[in-house]
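Take 493 as the starting number for the sequence shown in the working numbering and just add one per residue. Remarks on the structure that follows.
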Amino acid sequence: MLDTVLKAGKIPFTLEPSPYEESQEGEYFRERDARIERMKDKINEQLTMRNADREYMKKWLSGAYYGMAFSKFDVEPVVSTEFKQVDMGLGNTGQYLSPEEQSQYVRYEMVQAEEDVPGHRYVSVWNMVWDLDADDLQSGDGYAERIMSSAWDLRQLVKKPGYIKDNIVSVIQEKIGDTSTDTGDAPAEHPSKESIQDRRKKFRRYEFYLRAPKKYVDEFEVKLKNKGDEIPYIGLIGEDEEAEESGIEIEIMGEICDGEIIRYIRNSGKRPHKMWVIESNLDESTGTGIADNMEGVQGALVGMIRAFEDNKKLSANVTTAVKKRYFNDPNQLDEIKPGTQYDLADSVDDVRKAILPIVFPDVGESLMSGIELMLRLKDDVSMIPTIMQGFTLDKHQPDTAYELRQLTANAGKYIGQAIRNNDEQFIEPEIRDIYEYNMVYGDDESCKVNAKVKANGFTSFQNKEIRGERMKLLLGGLVANEFLNKYVKVKPHLDVIYESMDEDPDKFIKTEEEMMNEAKQEAQMRAGAEQRAIEIMRAEKEHEARLEAGQQTLEHAQEIEAKDREHEQTITETEQEHINDMEMATLEAKLDRVYKIDSRGGTK
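Take a look at the structure:
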């Protein structure tokens, strides 16, 4: 429940601007929105300083146990520790030092700062008494909170506004030496305090806020004047007029300790206590909690478990019936152990006459069906099914996803009622108290703005438990449908889903500017890729053209080379033929000359 209500560990609230005039300019709206954000940040910081999440844990536990819870607005001094840098007295010398040298002269001192921080503390139902005729503390005739105090606690109150010193001293003196612990007709103590014997906080102090008859108020004020004390009159948060009913009763606040009025103030403001009812009970004056709803089932379940345990103890243990006169040594029967031999009398002709086991029937299995029935009923009666607690038991697991959705949806209606009551009775009035304190008494003027407090606990519950799951299913179906996919805006769906998980959607989802930049980069990359593809194709074509031209050039060169070789071969053949012809002619000439000589002189 706390994980559902406390969104990201913070109290779920927001500040909305009050109705404004339409004639205001745009700059006014921007300044107003900035002030609202600063006020929300300041309130969140104050809630953190006052450990509001821990206080809410106590309130929800009280609501679950008792059906209701109380809180009180107060302003407490909160001490924080911080470290401030000490001036080492370097003066203008520091500007001539390097960063490394300056770091050697850096020193820090621990400083404690105290700040008055508004907030609300948890008040136990055991310490509250109130008008049961009214539905809330503000409209009733009055109420009181019991505060157990020690003598030291009382003395710390003397200098605070409205306290009557003489009466405080008188109460302390009367209690000196009193060791009695009789509480008389006083309301019941908190269970954790009842067993304390030696008490330091033995003074029962009641801080009350009520409407008292004007006659008695006037008489008491006269008594105070006669003692020389001024009548304190201070206002609480707000400027509400003095609360009176027809001039007969007056709203006052004060404290009573052991029957003595130790504080008196006319209350011109609203009452600081708040009351939350987890489930309204139309027939009772108090709320109904989860424990109240479980009372009947728990009683039956505890009875069955005890009966089961008793039956197992009887059926699992050995029980015997014996006649001691049949034993020679009856003392052997004082302790029966496995393997023990017993000396029977000679008159016993059958051991069963001397000792006989008694068998108790084991009816545990018949009780199991009743126990299982109570375990099933507890989910329906408590309105908090086991599946909502983060685990399931055998035989109780939902069989289908539809059954699971129905189970959580029905539980969500009950839980949603408790959360809505918490919004209206705790979160909104408590945050409003802090907001009003900052507006009236706060020193920071930059965050003051006219706004309205709105609690978002139920909205957070809807977003987390209902809207988030439904949105996941819806988005999954829409995205999977090709026909509907083109009509879907995915971003709003994702925002709801991430918010249901207490995560900031902006951390995980890209903004429109980022998507535009990425789309632009992708377009540029695609354009660059296309340009590179075109250039590659052009280069390939040029390369192919160069290859083709080179091939043609090569073929032409080869043709020329072939022709040159053919021409050279032709020339060579021609020259060879010419040489052969010349050699033949030379040979013929030589032969002719020889033959001519022979014809003149004869052949030799």
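We put the CB at the ideal spot given by N, CA and C, even for glycine.
Is the beta carbon of residue j closer than 9 Å to that of residue i?
i	j	result
Ser610	Val661	One detail in the question is off: residue 610 reads as Pro in this sequence, not Ser. No, these two residues do not count as a Cβ contact at 9 Å.
Ala636	Ile748	yes
Arg763	Ile744	no
Met541	Ser572	yes
Ala461	Met531	There is no way to answer for residue 461, as the model of the chain reaches only from 493 to 1096.
Phe695	Leu629	no
Ile847	Lys805	no
Glu741	Ala799	no
Ile753	Glu699	no
Asp835	Asn820	yes
Thr812	Ile850	yes
Val578	Tyr600	yes
Ala854	Ser807	For clarity, residue 854 is Asp in the given sequence; the question names Ala instead. Yes. Within cutoff.
Arg697	Ser641	yes
Lys766	Phe565	yes
Arg755	Gly654	yes
Asn803	Phe852	yes
Lys551	Phe918	yes
Val598	Phe575	no
Ile828	Val810	yes
Please return the same chain residues whose Cβ sits closer than 7 Å to the Cβ of residue i, not counting the five positions on each side in sequence.
i	result
Gly779	Gly559, Met560, Val769, Ile770, Glu771, Ser772, Asn773
Gly632	Trp622, Asp623, Asp625, Ala626
Thr1095	With a pLDDT of 45 at Thr1095, under the threshold of 50, the modelled position of this residue cannot be trusted, and the question is left open.
Met620	Phe562, Tyr635, Glu637
Leu1083	none
Might you give, ordered along the chain, the residues of its own chain that have their beta carbon closer than 8 Å to the beta carbon of residue i, omitting 5 neighbours on each side?
i	result
Lys946	Phe505, Thr506, Leu507, Glu508, Glu920
Pro569	Glu606, Glu607, Asp608, Val609
Asp996	Tyr990
Asp987	Pro997, Ile1001
Asp838	none
Glu734	Low local confidence applies: a pLDDT of 44 at Glu734 is under 50, so the model's placement there is unreliable, with the coordinate-based value given in what follows. Hits under 8 Å: Ile742, Glu743, Arg758, Ser760.
Gly856	Phe800, Asn803, Lys804, Ser807
Starting from residue i, trace the alpha helix (DSSP H) both ways and give me its first and last residue.
i	result
Leu624	Where Leu624 is concerned, there is no enclosing alpha helix (DSSP H), given that its DSSP letter is neither H nor E.
Lys975	The residue asked about is misnamed: residue 975 is Phe in this sequence, not Lys. 974–977 is the span of the alpha helix (DSSP H), which, as asked, contains Phe975.
Val663	657–667
Val932	920–933
Ser595	591–595
Ile782	782–785
Pro653	Note, Pro653: premise wrong, no alpha helix (DSSP H); not H, not E.
Under 6 Å Cβ to Cβ from residue i, same chain only, skipping five residues before and after it: list those, please.
i	result
Arg962	none
Leu1039	none
Ile528	Leu507, Val941, Ala943
Lys556	Note on identity: in this sequence residue 556 is Ala, with Lys being the wrong assignment. Closer than 6 Å at Cβ, skipping near neighbours: Gly781, Ile782.
Val709	Ile742
Arg1085	none
Ile797	none
Ile535	Ile926
Thr1078	none
Lys870	Val789
Ile656	Ile754
Arg1057	none
Ala1054	none
So who's on the other strand from residue i, going by DSSP bridges?
i	result
Tyr600	Gln577
Thr812	Pro849
Met640	Arg696
Val769	Met560
Leu702	Gly634, Ile744
Ile753	Ile748
Phe819	Leu836
Phe565	His612
Ser572	Ala605
Met620	Glu637
Pro509	Ala943
Return the first residue and the last residue of the beta strand (DSSP E) that residue i is part of.
i	result
Ile503	Neither: Ile503 is in no beta strand (DSSP E) and is coded neither H nor E.
Ser631	Run containing Ser631: none; DSSP gives neither H nor E here.
Ala943	943–947
Glu542	Looking at the sequence provided, one finds Arg at residue 542 rather than Glu. Here Arg542 belongs to no beta strand (DSSP E), and DSSP marks it neither H nor E.
Met745	741–749
Lys715	No beta strand (DSSP E) contains Lys715, which is instead part of the alpha helix (DSSP H) from 706–718.
Subject >> Sequence ranges, alpha helix (DSSP H) only - wholly within the stretch 1060–1086, length at least 4 >> reply: The qualifying runs do not exist here; there are none.
Subject >> Whole alpha helix (DSSP H) elements within the stretch 973–1061, 4-residue minimum >> reply: Every alpha helix (DSSP H) of 4 residues or more that sits fully in the stretch 973–1061 is shown, in chain order, as 974–977, 982–992, 997–1000.
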